[in-house]
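Residue numbers (the UniProt record's numbering): 1 to 543. A quick write-up on the structure given underneath.
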Ligand code: ADP
């Protein structure tokens, strides 16, 4: 029997990650209950007063589970001071002491003093080969413990080891998951903090502390609560998320701001969840959006600068065109006009003679007519001048032209507090057109609309730019305002060159617009808007 006992070895598996913490793994209560039944059963079957499971609890060995049997001197949690189990653990082999009193080496040990003179124990190991403890029986009388008893003990030991194996695996998995989470938290890629619904911050990683510029002590001491980090103007939105979290256990990530220790603000994206449903604690992850916001603002600024530059260019173009026109008109018209006046005076002279020289007067009148024609030719040429750059017609989507134009007048819209409504047809047939000239038409119509609403103070200044395909399949663009509108007497004259009702107006805008649209084979006209305002529309044939 001794041979078979000494031949037994504990299972030994390669060391795994849990080895270092094996001693600290807690055995759950349901397993302890099962083990309790095992030792009770052992004591009963073997008719011994004591069956125990011992566990190493460095530097001691402690009674882990002890049979509820009569005469058992071992209490769970008590230290095991005797050498029996220690020997089993050291050798890693079963030990049988039928009667300690017969053996010099064993006769004076604490177990004997407790009356336990015989012992049979086997080692219990963790799957990694580390010792967990022993399972053993003791008797207050001599006991040879038959081979069957040893087998029974080993059988129960195997059951315990199977439990330890599942426990170690579970522990390993949890540990691995914890390590990953810890890595995420410690890598400081994002801010992480653990909170409770009572308002406390229980833990925070370095990145979160950096974002809010508090010391860990400020937060985990409870002096600063998470609600204190939220500016007052964010609290309503914040509270809505807290309610969401209370009811669903998590909240969708959202952008908000935190107040730093120095009072400045930091934009963040935050999301979170409670650890368990209905639980009081949870984790929040926080991303610092400062850099993203800065880049966005920079892009917006650049865009704005670009638009302003374009608008200035458009303004400059407009002014330059007007300036050129004025100069050339003045020069060109002035000459024939002076000639008309001179000839008219000459004509009067011929007619006032005592004997009027009708032939000479007629010649003067003919020159007057010729000069008049020359003047109107000048005007015609000036108007043609507006179109003088040859059209560069390419296939265009008018919606694109409208969209490209709007940024150019954005500043004017804003500074005049005009609300722009765009209602563009989802699809339009392409047209053949000159992109720049069509933009000029739209700019002119929009600028006129803005100017016409300058005196409107009793309602929003709304300007609508629309596009659609009309009944004749042409592309139609309209610009409607709610400004001063067009009086019946002016309706016919708007498109006449030099007609203006503005003190600083040139009266060339609409006339140029009309010639551009004409050159595109289209039509530009005006109507009144109900209940107020003007509507300018133009059509261009589809390509
Ligand atoms: P100007 O630059 O002098 O305004 P335009 O040819 O663009 O030259 O316009 C001629 C005139 O047509 C304007 O002076 C104004 O009386 C009238 N007009 C143009 N657009 C509008 C509008 N949206 N609402 C009312 N009147 C307008």
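Backbone N, C-alpha and C define an ideal beta-carbon position, used for all residues, glycine too. Fair warning: this is a prediction, and the values are worked out from it, not measured in the lab.
How many Å lie between residue i and residue j at the Cα?
| i | j | result |
| --- | --- | --- |
| residue 485 | residue 449 | 9 Å |
| residue 25 | residue 121 | 23 Å |
| residue 431 | residue 534 | 26 Å |
| residue 355 | residue 361 | 12 Å |
| residue 413 | residue 503 | 21 Å |
| residue 256 | residue 218 | 21 Å |
| residue 87 | residue 95 | 8 Å |
| residue 335 | residue 507 | 22 Å |
| residue 398 | residue 513 | 16 Å |
| residue 224 | residue 28 | 37 Å |
| residue 456 | residue 194 | 57 Å |
| residue 166 | residue 209 | 39 Å |
| residue 265 | residue 130 | 54 Å |
| residue 452 | residue 379 | 27 Å |
| residue 81 | residue 150 | 23 Å |
| residue 36 | residue 233 | 60 Å |
| residue 385 | residue 511 | Its pLDDT being 48, under 50, residue 385 is placed unreliably by the model, and nothing is read from it. |
| residue 530 | residue 350 | 58 Å |
| residue 366 | residue 492 | 31 Å |
| residue 105 | residue 163 | 35 Å |
| residue 101 | residue 140 | 11 Å |
| residue 546 | residue 420 | Given that the chain is displayed from residue 1 to residue 543, the structure contains no residue 546 and the question cannot be resolved. |
Residue i: beta carbon under 7 Å from a heavy atom of ligand 1?
| i | result |
| --- | --- |
| residue 484 | yes |
| residue 534 | yes |
| residue 564 | Because the chain here runs from 1 to 543, residue 564 falls outside it and cannot be looked at. |
| residue 452 | yes |
| residue 499 | yes |
| residue 413 | no |
| residue 256 | no |
| residue 481 | yes |
| residue 420 | no |
| residue 494 | yes |
| residue 448 | yes |
| residue 511 | yes |
| residue 246 | no |
| residue 508 | yes |
| residue 191 | no |
| residue 261 | no |
| residue 522 | no |
| residue 490 | yes |
| residue 343 | no |
| residue 349 | no |
| residue 238 | no |
| residue 505 | yes |
Judging by CA-CA distance, which residue of the options is the nearest neighbour of residue i?
| i | options | result |
| --- | --- | --- |
| residue 118 | 81, 98, 129 | 98 |
| residue 468 | 434, 424, 455, 93 | 424 |
| residue 61 | 41, 471, 84 | 84 |
| residue 488 | 513, 30, 526 | 526 |
| residue 541 | 399, 476, 513 | 476 |
| residue 435 | 396, 418, 417, 407 | 396 |
| residue 278 | 65, 246, 439, 351 | 246 |
| residue 438 | 407, 511, 516, 422 | 516 |
| residue 152 | 46, 260, 305 | 46 |
| residue 281 | 243, 296, 211, 202 | 202 |
| residue 520 | 216, 538, 158, 55 | 538 |
| residue 459 | 49, 348, 483 | 483 |
| residue 159 | 405, 32, 543 | 32 |
| residue 78 | 52, 69, 90 | 52 |
| residue 93 | 221, 123, 301, 103 | 123 |
Should residue i be labelled buried (16 or more other beta-carbon atoms within 10 Å of its own) or exposed?
| i | result |
| --- | --- |
| residue 567 | No information on residue 567 is available, as it lies outside the stretch 1 to 543 that the chain covers here. |
| residue 376 | exposed |
| residue 461 | buried |
| residue 155 | exposed |
| residue 341 | exposed |
| residue 388 | Bear in mind that the predicted position of residue 388 carries a pLDDT of just 46, short of 50, making it too unreliable to give a figure here. |
| residue 402 | buried |
| residue 480 | buried |
| residue 110 | exposed |
| residue 148 | exposed |
| residue 146 | exposed |
Give a single yes or no on whether residue i has its beta carbon closer than 7 Å to a heavy atom of ligand 3.
| i | result |
| --- | --- |
| residue 269 | Looking at this structure, you won't find ligand 3 anywhere; what it does contain is ligand 1. |
Quick one: is residue i near chain C, going by C-beta distance under 8 Å?
| i | result |
| --- | --- |
| residue 511 | Here chain C cannot be found, since the structure has a single protein chain. |
Answer yes if the region 109-116 comes into contact with the region 73-81, meaning at least three C-beta pairs across the two stretches below 8 Å, and no otherwise. yes
Do the region 271-288 and the region 175-194 touch if we need at least three Cβ pairs shorter than 8 Å? yes
Specify whether the region 246-258 and the region 267-280 touch according to this definition: at least 3 beta carbon pairs, one from each stretch, less than 8 Å apart. yes
Can at least three beta-carbon pairs, one atom from the region 494-501 and one from the region 458-474, be found at a separation below 8 Å? no
Would the region 42-61 count as touching the region 123-136 if we require 3 or more Cβ pairs under 8 Å? yes
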